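Enquirer: In terms of the numbering used here, the first sequence opens at residue 4 and continues consecutively. Just so it is clear, CB atoms sit at the ideal spot from N, CA and C, and this is done for glycine as well. Computed from a prediction, not measured in an experiment: that's the story for all the values here.
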Amino acid sequence: MPELPEVETTRRGIAPSLDGRRILRVVVRERRLRWPLPRGFEKRVRGHRVTGVSRRAKYLLIATDGGTLIVHLGMSGSLRVLHGRVLPVVHDHVDFVLDSGRCLRFNDPRRFGSMHWVSGDPLKHPLLVGLGPEPLGPAFHGDALWRLARGRQVAVKQFIMDSRVVAGVGNIYASEALFRARIRPGVQAGRISRTRMQALAASIREVLEEAVAVGGTTLRDYVSPDGTPGYFRQKLFVYERAGEPCRRCGTLIRHRVLGQRSTYYCRVCQR
DNA sequence: ATGGGCACCTGGCTGC
DNA sequence: TGCAGCCAGGTGCCCA
4 MPELPEVETT
14 RRGIAPSLDG
24 RRILRVVVRE
34 RRLRWPLPRG
44 FEKRVRGHRV
54 TGVSRRAKYL
64 LIATDGGTLI
74 VHLGMSGSLR
84 VLHGRVLPVV
94 HDHVDFVLDS
104 GRCLRFNDPR
114 RFGSMHWVSG
124 DPLKHPLLVG
134 LGPEPLGPAF
144 HGDALWRLAR
154 GRQVAVKQFI
164 MDSRVVAGVG
174 NIYASEALFR
184 ARIRPGVQAG
194 RISRTRMQAL
204 AASIREVLEE
214 AVAVGGTTLR
224 DYVSPDGTPG
234 YFRQKLFVYE
244 RAGEPCRRCG
254 TLIRHRVLGQ
264 RSTYYCRVCQ
274 R
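Below is the structure:
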């Protein structure tokens with residue numbers, strides 16, 4: 004479900020309710036997430052005051068005065084802020100009860116999401132330490148992308164979805180960025196010119212920024228923490244549009260599988 | 001080092 | 001109506 008723009012939308016949605024609040028109680032109804040929640044998780048998290056909510060790739064970092072909660076939403080996870088007592092529904096796995104009377108609730112049908120509590124620098128955590136630059140940050144640019152691609156034979160779509168190359172480019176936005184940069188997804192990464200890599204980096208940044216600005220993409224069930232959907236779907240050029248006319252040239256959009264992921268492109272606009 | 005494939009899950013949709 | 005089969009927004013890990 005959530006890609007970087009949806010995670011960022013989630014961050015912005017929950018941060019105002021979390022900042023400065025103390026976590027009074029943690030309720031775990033299902034420990035079997037991607038990595039099982041360890042015994043004692045509740046006790047370790049409880050009692051700390053939130054100092055900020057940030058994001059690294061698709062990981063949310065809820066910093067407190069005693070450690071950091073690292074949350075990943077996986078494919079189907081979501082976080083919502085509830086006001087007062089609300090009965091949990093199916094797949095509501097974890098609650099963080101705040102001293103404001105509100106509650107941060109994690110729901111995840113597929114349980115590909117995860118939570119980790121770390122006491123030191125969260126960026127040193129094994130899951131985060133090897134990540135490439137943030138696509139919206141200053142360290143990400145076409146030259147770096149081009150340099151990393153030297154000698155690489157993987158398809159460029161898989162290359163930009165590799166979190167060690169650039170962090171947080173998921174399946175929707177990879178197809179969309181390649182369309183905007185007019186590059187075919189199956190082209191080998193190492194065979195793309197420096198100039199075109201610069202266009203690609205710019206497209207990645209642009210598509211993610213635009214999606215963040217409208218609250219992300221709602222495909223099936225994603226809703227932001229306040230319950231509203233993301234509106235980027237209307238701006239998708241290729242994703243899930245196989246057989247429909249290209250918005251640029253009218254040619255029917257193609258579908259193919261790359262690295263076991265659905266991939267969409269226009270065979271005329273993209274070369 | 002690189003590339004490819006599998007695994008972890010549930011739910012929704014399609015087609016027989 | 002029932003059910004098998006397929007697909008889904010992620011990503012760590014294992015193998016060659």
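Who are the near neighbours of Asp-111 in its chain, counting only those whose CB is closer than 8 Å to its CB and skipping five residues on each side?
Expert: In the first sequence, residue 111 corresponds to position 108, counting from 1. Excluding residues within five positions, the ones whose Cβ falls inside 8 Å are Leu-36, Leu-76, Gly-77, Ser-79, Gly-80, Ser-81, His-94 and His-96.
Enquirer: In the structure shown, what three-state DSSP assignment does Ser-81 receive?
Expert: Indexing the first sequence from 1 puts residue 81 at position 78. Here Ser-81 sits in strand by DSSP.
Enquirer: Could you check the C-alpha separation between Arg-108 and Pro-136 for me, to the nearest Å?
Expert: As a first step, residue 108 is located in the first sequence; it is residue number 105 there, counting from the start. As a first step, residue 136 is located in the first sequence; it is residue number 133 there, counting from the start. Their backbone Cα atoms lie some 29 Å apart in a straight line.
Enquirer: Enumerated in chain order, which unbroken segments of the alpha helix (DSSP H) with a length of 4 residues or greater are wholly contained in the stretch 131 to 198?
Expert: Segments of the alpha helix (DSSP H) lying fully in the stretch 131 to 198: 145 to 151, 159 to 163 and 174 to 184.
Enquirer: Use the C-beta contact count for Cys-252: other C-beta atoms within 10 angstroms, 16 or more gives buried, fewer gives exposed.
Expert: Within the first sequence, the letter at position 249 stands for residue 252. It counts as exposed.
Enquirer: Which same chain residues end up closer than 6 Å to Gly-262 when comparing Cβ atoms and leaving out the 5 residues on each side of it in sequence?
Expert: Taking the first sequence and counting its residues from 1, the one referred to as residue 262 is at position 259. For Gly-262, where only same-chain residues beyond five positions count, the Cβ hits under 6 Å are Gln-161.
Enquirer: Since Gly-193 and Gln-156 should fall inside the 8 Å C-beta cutoff, what is the C-beta to C-beta distance between them, to a whole number of angstroms?
Expert: The residue labelled residue 193 in the question sits at position 190 within the first sequence. The residue labelled residue 156 in the question sits at position 153 within the first sequence. Going by Cβ atoms, the distance from Gly-193 to Gln-156 rounds to 6 Å, so yes, they are a contact pair.
Enquirer: Specify, as a first and last residue, the run of the alpha helix (DSSP H) that Val-48 falls within.
Expert: One-based indexing of the first sequence puts residue 48 at position 45. Run containing Val-48: 44 to 48, per the alpha helix (DSSP H) assignment.
Enquirer: Quick check: the stretch 26 to 34 against the stretch 6 to 14, are at least 3 beta-carbon pairs closer than 8 Å?
Expert: Short answer: they don't touch.
Enquirer: Assuming Asp-102 and Arg-24 are in contact, meaning their beta carbons sit under 8 Å apart, how far apart are those beta carbons, in whole angstroms?
Expert: Here residue 102 refers to the residue found at position 99 of the first sequence. Here residue 24 refers to the residue found at position 21 of the first sequence. That pair is a contact at about 6 Å.
Enquirer: Leaving out the 5 sequence neighbours to the left and right, which residues in its chain are closer than 6 Å to Val-190 when beta-carbon positions are compared?
Expert: In the first sequence, counting from the first residue as 1, residue 190 sits at position 187. Correct list, in chain order: Val-159.
Enquirer: Could you give the first and the last residue of the continuous beta strand (DSSP E) run that contains Leu-64?
Expert: Working through the first sequence from its first residue, we reach residue 64 at position 61. Where Leu-64 is concerned, the enclosing beta strand (DSSP E) stretches over 62 to 67.
Enquirer: Excluding the 5 residues preceding and the 5 following Arg-257 in the sequence, name in chain order all residues of the same chain whose CB lies nearer than 8 Å to its CB.
Expert: Translated into positions along the first sequence, residue 257 becomes position 254. Cβ neighbours of Arg-257 beyond the five flanking positions: Ala-245, Tyr-267, Tyr-268, Cys-269 and Arg-270.
Enquirer: Per DSSP, which residues does Gly-55 bridge with? Please list them.
Expert: For this step, residue 55 is matched to residue 52 along the first sequence. In the DSSP output, where bridge partners are listed per residue, Gly-55 has Ala-66.
Enquirer: Grouping DSSP H, G and I as helix and E and B as strand, with all else coil, what is Ile-207?
Expert: The residue you call residue 207 lines up with position 204 of the first sequence. In this structure, Ile-207 counts as helix in the three-state DSSP scheme.
Enquirer: Could you check which residue in Thr-221, Arg-52 and Val-74 has the C-alpha nearest to that of Tyr-62?
Expert: Within the first sequence, the letter at position 59 stands for residue 62. Comparing Cα-Cα distances from Tyr-62 to each of Thr-221, Arg-52 and Val-74, the minimum goes to Val-74.
Enquirer: Can you give me the C-alpha to C-alpha distance between Leu-7 and Arg-88, rounded to a whole angstrom?
Expert: The residue labelled residue 7 in the question sits at position 4 within the first sequence. The residue labelled residue 88 in the question sits at position 85 within the first sequence. Going from the Cα of Leu-7 to the Cα of Arg-88 covers about 30 Å.
Enquirer: So Val-172 packs on Pro-125, CB below 8 Å; how close in whole Å?
Expert: On the first sequence, position 169 is the one that residue 172 refers to. On the first sequence, position 122 is the one that residue 125 refers to. Actually they do not touch by this definition, with Cβ atoms about 21 Å apart.
Enquirer: For Gly-43 and Ile-195, I'd like the C-alpha separation in whole angstroms.
Expert: Reading the first sequence from its first residue, position 40 is the one you call residue 43. Reading the first sequence from its first residue, position 192 is the one you call residue 195. Using only the alpha carbons, I get a separation of about 50 Å.
Enquirer: Counting only the same chain and skipping the five closest in sequence on each side, list residues whose C-beta sits under 7 Å from that of Tyr-242.
Expert: Within the first sequence, the letter at position 239 stands for residue 242. Closer than 7 Å at the Cβ level, and outside the excluded window around Tyr-242, lie Ile-175, Ser-178, Glu-179 and Tyr-267.
Enquirer: Whose CA, out of Arg-105, Val-92, Ser-57 and His-86, lies closest to the CA of Leu-27?
Expert: To locate residue 27, count along the first sequence from 1; it is residue 24. Closest option to Leu-27, Cα to Cα, is Arg-105.
Enquirer: Buried or exposed: Leu-90, going by 16 or more other Cβ atoms within 10 Å of its Cβ?
Expert: Sequence index remark: in the first sequence, residue 90 carries index 87 (1-based). Leu-90 comes out exposed.
Enquirer: Bridge partners of Tyr-267, per DSSP?
Expert: Here residue 267 refers to the residue found at position 264 of the first sequence. In the DSSP output, where bridge partners are listed per residue, Tyr-267 has His-258.
Enquirer: Looking only at its chain, what residues have a beta carbon closer than 6 Å to the beta carbon of Leu-131, apart from the 5 residues adjacent to it on each side?
Expert: Counted from its first residue, the first sequence places residue 131 at position 128. Cβ neighbours of Leu-131 beyond the five flanking positions: Arg-59.
Enquirer: Look up Pro-248 in the DSSP assignment and give the residues it is bridged to.
Expert: In the first sequence, residue 248 corresponds to position 245, counting from 1. Answer is Leu-255, bridged to Pro-248.
Enquirer: What are the partner residues of Ser-117, as DSSP defines its beta bridges?
Expert: Residue 117 sits at position 114 when you count from the first residue of the first sequence. Bridge partners of Ser-117: His-75.
Enquirer: Measure the C-alpha to C-alpha separation of Val-29 and Pro-41 and round it to an integer number of angstroms.
Expert: Residue numbering aside, residue 29 sits at position 26 when the first sequence is read from its first letter. Residue numbering aside, residue 41 sits at position 38 when the first sequence is read from its first letter. Roughly 13 Å separates the two Cα atoms.
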